[in-house]
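Below: the structure, in structure tokens.
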């Protein structure tokens, strides 16, 4: 996260770290139910096998997991069948954990949006992750406040790419607060007006090279667009497993 | 590389593959931007320091150059950009063939000033003195006749200018001769037109199991199933008696989707779609576990209230009823529709099940609100 700050322990209890073998932290992910998490499809490129991965929750410091952390294996990885690597469209995956997590103050699911529920342009939301900060990789979870940008305005920043309905844009023209490599799959969450409840609207997906000269907002997978598909995958893998 | 420099066999400008410290090999060009070059093999790292074609595809240079090509500052700018992004690899010598110095100089002289207007700099990695003079001993690349000024990611205006492909038929006039907004019918662009909305979709999206037209016309009439069969989302045919029996028969499992719903005005009367017909659930042997299963299966959380709705006389006789299967609790992990069965008789109590669900606890933070540290100034 560029331009963010260290988050307090337990501030984002749905944030998880998707880790693989020697690499350690590879991507962010988001807890949506006791046995289910979301991340983006491009995290699994070249490493599609579920047994290569584990999910760690309740983390603040990657280097010192601490007493509040919980680690789970991955039972199955469900990549969206239309994930398009070239244009980074349909960039979403559902991750089934091998056992339920224990809900604590530091490990809790985030809400999924209701059908058609979208954050309004120019409203402020939060992104979190252990990704690049522009000058180094952090150990402690970072958080940053970003502004939701309308799709037409977002398209104007990305001449070479098509911003599709499966995407959501947030950040600033100057790119001052933005997600970056290593944040992929992490949450973009907005607090509901009546306070207290946070809803997941985006998963960190792509953007301009975040420490390059060409700045601009970050592009997130639009979770609202995928909520019916997410629920369907959970239903299929819970009640229709062979 | 594992060693400070590549093994001797990579003398000259053979590139060292940093991923495994060995001399790189030629690889086919897959960067869409440069798929119309007079050569089709490249090797990495490239002349901009990118380690792979995937990195090149998301690099800022791959956005910068195509945008710059639209200004028409230099006829062979795209060709030059591609010799940097995907340098030619000679399949015999495995040597990389760089652009000639004159090509680099021409591109820089004609286009660098355009970049400075928008506050951007010419890519540092492309210092022209590193490239060989044309006509010298070292091989280098110059544009041959017929080299296309536009890339496959561009649309070529009638005037010859290049505009980005996503500007074709986007409702804005981008070509100097406005040709990017002509012939925008779907068929003229080899696309398929959604009958109602007139939206254009790729032919490959028709009958692929995903609805792309607003009214889903692209997924209609894709199969002809027999009378006693229904079509799956992927257009297979499955016998109607197998529909919503709790087991997958369609390879995409779509015969088991949307089998359970809470309908009618209150949005809570339980309806089950089984063997291709709609059923009410008789309340006689209903229990709380089945209410929990209903809300969980619908992704609606947990039951907040359950009630039994008595039917008006006369209506119940015309309804189709499902009853709780005697072994409903022995079917662990099964969906609700697998735990209900048809019986020859109607529902004695004539009462239907009604369930109200409420979202489970989510999105709550117990710790770490954004508190402002109060600090004396």
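Protein chains in written order, with the working numbering: chain E, 1 to 242; chain G, 243 to 619. For glycine and all other residues, C-beta sits at the position ideal for the given N, C-alpha and C.
For residue 318 of chain G, no alpha helix (DSSP H) segment is defined, and its DSSP state is neither H nor E. No Cβ of chain E is located within less than 9 Å of the beta carbon of residue 398 of chain G.
Contacts with chain G (Cβ-Cβ distance below 9 Å) from the region 94 to 113 of chain E involve 103, 104, 105, 106, 108, 109, 110, 111 and 112, listed in chain order. DSSP places residue 407 of chain G in the helix class (H, G or I) of the three-state scheme.
The criterion of a C-beta distance shorter than 9 Å is satisfied by residue 45 of chain E and residue 85 of chain E. Residue burial annotation: residue 124 of chain E is exposed, with fewer than 16 other C-beta atoms found within 10 angstroms of its C-beta.
About 7 Å separates the CB atoms of residue 308 of chain G and residue 396 of chain G; that is less than 8 Å, so the two are in contact. Ranked by Cα distance from residue 116 of chain E, the first of E:176, E:210 and E:224 is E:224. Taking residue 12 of chain E as the centre and dropping the five residues before and after it, the same chain places the C-beta of 128 closer than 6 Å to its C-beta, in chain order.
With distances taken between CA atoms, residue 238 of chain E lies nearest to G:575 out of G:425, G:416 and G:575. The Cβ of residue 186 of chain E sits no closer than 9 Å to any Cβ of chain G.
Contact with chain G is absent for residue 220 of chain E, since none of that chain's Cβ atoms lies less than 9 Å from the residue's Cβ.
In terms of Cβ geometry, residue 2 of chain E and residue 210 of chain E form a close pair [threshold 9 Å].
For residue 234 of chain E, the enclosing alpha helix (DSSP H) covers residues 223 to 239. Among the residues of chain E, none has a CB under 7 Å from the CB of residue 584 of chain G; the nearest is roughly 20 Å distant. Linking residue 481 of chain G to residue 591 of chain G through their CA atoms gives a straight-line distance of about 32 Å. Each of G:277, G:383, G:355 and G:304 was checked against the Cα of residue 290 of chain G, and the nearest Cα belongs to G:304. Its Cα nearest to that of residue 346 of chain G, the residue G:323 stands out among G:323, G:283 and G:401. According to DSSP, residue pairing for residue 61 of chain E in a beta bridge involves E:64 and E:140. Measuring C-alpha to C-alpha distances from residue 435 of chain G to each of G:456, G:344, G:450 and G:577 identifies G:456 as the nearest. Using a CB distance cut-off of 9 Å, residue 604 of chain G counts as an interface residue toward chain E. Identification of residues in the region 503 to 524 of chain G having a C-beta nearer than 7 Å to some C-beta of chain E yields an empty set. For residue 236 of chain E, the closest Cβ of chain G is nearer than 9 Å. Contiguous beta strand (DSSP E) elements confined to the region 564 to 607 of chain G occur at 582 to 584 and 593 to 600, taking only those with 3 or more residues. Burial is judged here by how many other beta carbons sit within 10 angstroms of a residue's own beta carbon; residue 547 of chain G has fewer than 16 and is exposed. A contact is defined here as three or more CB-CB pairs under 8 Å, and the region 64 to 72 of chain E fails this definition with respect to the region 197 to 209 of chain E.
Residue 525 of chain G is positioned such that its CB atom lies no closer than 9 Å to that of residue 466 of chain G. Beta bridge pairing from DSSP links residue 202 of chain E with E:188 and E:222. For residue 545 of chain G, there is no enclosing alpha helix (DSSP H); the residue is found in the beta strand (DSSP E) stretching over 544 to 552.
Spanning the alpha carbons of residue 39 of chain E and residue 94 of chain E requires a straight line of approximately 7 Å. Straight-line spacing of the CA atoms in residue 235 of chain E and residue 295 of chain G works out to 38 Å.
Residue pairing by DSSP places residue 463 of chain G in no beta bridge whatsoever. If you draw a straight line from the Cα of residue 563 of chain G to the Cα of residue 512 of chain G, it comes to about 11 Å.
Per DSSP, residue 520 of chain G is one residue of the beta strand (DSSP E) stretching across 519 to 523. A Cβ-Cβ separation of about 4 Å places residue 58 of chain E in contact with residue 106 of chain E under the 8 Å criterion. Residue-level contact by beta carbon fails for residue 544 of chain G and chain E, as no gap is shorter than 9 Å.
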